[in-house]
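Heads up, the thing below is written out as structure tokens.
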Amino acid sequence: MKCSRIFLGLPRKVVNEGLATAYAAKGDKFLNLRKLMSLPYLPSEHITPAFEQMMLQVEEVGSPLLNVVNYVERTWIRGSMWKPENWSVYRQTVRTNNEVE
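To convert a position in the sequence shown, counted from 1, into the numbering used here, add 2.
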């Protein structure tokens, strides 16, 4: 699955955890969530270390944000179905016929 859209379920998780308002406020939680969404754009060998570094920062904040990060860890970082090398889009060619997409 070479697609940067793997995290399409992440916004739903953000809403379910009650973080929609915090995300809209564009504060620290917003920045951490954006970091999560940018993971597919890193080289696959850099994804896990970047995630672990971010996890240390988020553990200090705690609560709902930590639930979202744990979801990403279970599903995309350490999950048995998809490994980072399967979903990293680093240096992939753009595959769309819509130039503004």
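We put the beta carbon where it would ideally sit given N, CA and C, even for glycine.
Helix, strand or coil for Gln55 per DSSP?
Helix at Gln55.
Give the range of the alpha helix (DSSP H) segment to which Arg36 is assigned.
Residues Asp30 to Ser40.
Would you say the beta carbon of Pro86 is closer than 6 Å to some non-hydrogen atom of the ligand MN?
This structure does not include the ligand MN; it has no bound ligands of any sort.
Cα-Cα, which of Leu10, Thr23, Asp30 and Pro42 is closest to Glu61?
Checked all of Leu10, Thr23, Asp30 and Pro42; the closest Cα to Glu61 is Asp30.
With C-beta atoms as the reference, is Tyr73 less than 7 Å away from Lys37?
No, they are not a contact pair.
Would you report the Cα separation of Ser46 and Asn18, rounded to the nearest angstrom?
In a straight line, the C-alpha of Ser46 is about 28 Å away from that of Asn18.
Whole angstroms are fine: how far does the CA of Gln94 sit from the CA of Ile79?
Each residue's alpha carbon lies about 20 Å from the other.
How close, in whole Å, do the beta carbons of Leu35 and Val91 come, if the pair is a contact with beta carbons under 8 Å?
In fact, because the Cβ distance is near 19 Å, the residues do not count as touching under 8 Å.
Let me know the secondary structure DSSP gives Trp89 once reduced to three states.
Reduced to three states, the DSSP call for Trp89 is helix.
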